[in-house]
Structures are given as structure tokens and as C-alpha cells.
Amino acid sequence: MTSIDNSQRTAAKVAGISGLFAVAIVVFANYVLLSPLIVPGNAAETARNIVAHQLQFRVTVTCFLIYSASVVVLLTALYVILKPVNQGLALVGALFRLVFALLWLLSTLNMLGALRLLGSASYLQVFESDRLEALARLNVAANFDDYYVGLPFFGLAATVCAWLWLKSNYIPKGLAMFGVISSAWCVICAFVFLIFPHFNKVVNDYWFDSPMAIFEMVVSFWLLFKGLSPPEIAEPILPRS
Numbered sequence: 000m001t002s003i004d005n006s007q008r009t010a011a012k013v014a015g016i017s018g019l020f021a022v023a024i025v026v027f028a029n030y031v032l033l034s035p036l037i038v039p040g041n042a043a044e045t046a047r048n049i050v051a052h053q054l055q056f057r058v059t060v061t062c063f064l065i066y067s068a069s070v071v072v073l074l075t076a077l078y079v080i081l082k083p084v085n086q087g088l089a090l091v092g093a094l095f096r097l098v099f100a101l102l103w104l105l106s107t108l109n110m111l112g113a114l115r116l117l118g119s120a121s122y123l124q125v126f127e128s129d130r131l132e133a134l135a136r137l138n139v140a141a142n143f144d145d146y147y148v149g150l151p152f153f154g155l156a157a158t159v160c161a162w163l164w165l166k167s168n169y170i171p172k173g174l175a176m177f178g179v180i181s182s183a184w185c186v187i188c189a190f191v192f193l194i195f196p197h198f199n200k201v202v203n204d205y206w207f208d209s210p211m212a213i214f215e216m217v218v219s220f221w222l223l224f225k226g227l228s229p230p231e232i233a234e235p236i237l238p239r240s
């Protein structure tokens, strides 16, 4: 294992900041901005909320875009850190995470499509308002599908990175092993859920990715405040006299 260079140390700080920032902004966008506008089972009321709070809805879209950009910054920093461990696997992890980031862009397009359906353009007048409201709600609901299609890629990226963390000794081995297990668990749950959509009645869907999310946050804190631990260097074996 090569020694840690300055680019890796800088990338560790960038990864720590971008990782924590990404979590903060996506939680804020989903649970503070978007969720209060959604009325389960009532497309008309949801549509009225979106129209009445259009600025809040557009800020949510912007937050999703910023989140996607943050994930790209994070995957770049992780690639710089983990490339010396195994360049091929580091690239695979980065590409898996990039797919996840791109699916968040699809979510923003869905939400902008919902706004368009609830607009006042003349060509929309040929549709009844209740149909437009249902279509808008369908567009917003598509975010759920975007996330769970992207989740296997996120889980695979995290599994690869956790394995490289384990091999590198840059972070505690116990933490890295927890990352491997929790990320692999997320991948399994995500694929099972796509095949059997009622799987979340057996295992709550928050348990699919929560352990992996905890791992990613702890690693971000570690990189930001502790940095990279130097890899262990084996003592040379001296020839017997």
C-alpha cells in the first residue's frame, strides 16, 4: 500500500463535507419542503398545495439538483482517495454512484412536469382539471420509483467503497466491515423490493437503506474530523542467521 498523499488528504475533507451536506439537503428537501405538500390519496388537495406553494415546490426541485451535484463531488473525492487501493474497483464504485445521481435529475424533471400540468397554458384547457391533478400527482409519485431504481446502484457503490475502505486501513476496520454488511443488505433489499413490491410489509422500507446511510454519515464525520489513517506497513522479515 502506498503512503497517503496530499491529494488524498484534501479529497478526504471534500468527501466529508460533501457527504454530510448531501444528507442534510436531501432530508430537508424531502421532509421539510415536499412532504407537507403531499396529501396521501388525495390528488386534488395535493395539486392545490403545490399551486399555492409553488415557490416551496421549486426550492425542493433546486435542492434535488444540488443534492445530485453533491453526490458527483462526493464520488469524485472517494475515487481520488480509494484509487491507490484498487483503481478498477474505485472507478466501478464511482460509476454506480453516478447512475444514482443521474436518477435524481430524473426526479427533478418529474416535478417540473407536475408544475407544467398544473399551469395555465392554453393547451391544457382541453383536459379536465381532475385529470390534470391526477397526472401531476403521478409525476410527483414517480420520484418514489426513481429512488428505488437508483437504490441498488447506490448500495453497490457503497459496498464497493466499503470493501476498499476495509482493504485500505484508512478508517477503522470495524466501521468498514459494518459498511460492507449494511450496504450489501441494502442491495439485496432493493432488488427483492423491485421483484416483490409488498416486501416492505415484511421489512419496513426505511430499514433497507438506514444502516447504510448511518455508515456513510459516520464515514463522512470521520473523514472530516479524523482524516485518513496511514495504512499499516508490515515489518520486514529478517533472514535467520
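So that you can map any letter, position 211 of the sequence shown is 210 in numbering that gives the first Met the number 0, and since no number is skipped, the others follow by simple counting.
Glycine included, every Cβ here is placed at the ideal spot set by N, Cα and C.
Check                                                                                                                                                                          : Outcome
Would R96 be called buried (16 or more neighbouring beta carbons within 10 Å of its own) or exposed?                                                                           : buried
Just to confirm, is the Cβ distance from I3 to P229 under 7 Å?                                                                                                                 : yes
So is G154 buried or exposed if we call it buried at 16+ other beta carbons inside 10 Å?                                                                                       : buried
Between the beta-carbon of A93 and the beta-carbon of V71, is there less than 7 Å?                                                                                             : no
Tell me where the alpha helix (DSSP H) around N242 begins and ends.                                                                                                            : Given that the chain is displayed from residue 0 to residue 240, the structure contains no residue 242 and the question cannot be resolved.
Considering only their Cβ atoms, is the gap separating V98 from F152 smaller than 7 Å?                                                                                         : yes
Hey, how far is the Cα of A51 from the Cα of L104?                                                                                                                             : 24 Å
Does the Cβ-Cβ distance between A212 and S182 come in under 7 Å?                                                                                                               : no
So, at 8 Å on beta carbons, what are the nonlocal neighbours of L237 in its own chain, with the 5 sequence-adjacent residues on each side left out?                            : Unreliable positioning characterises L237 in this predicted model, as indicated by a pLDDT of 48, which lies under 50. The coordinate reading is nonetheless provided below. There are no such residues.
Label A120 either buried or exposed according to how many other C-beta atoms from any shown protein chain fall within 10 Å of its C-beta, with 16 as the threshold for buried. : exposed
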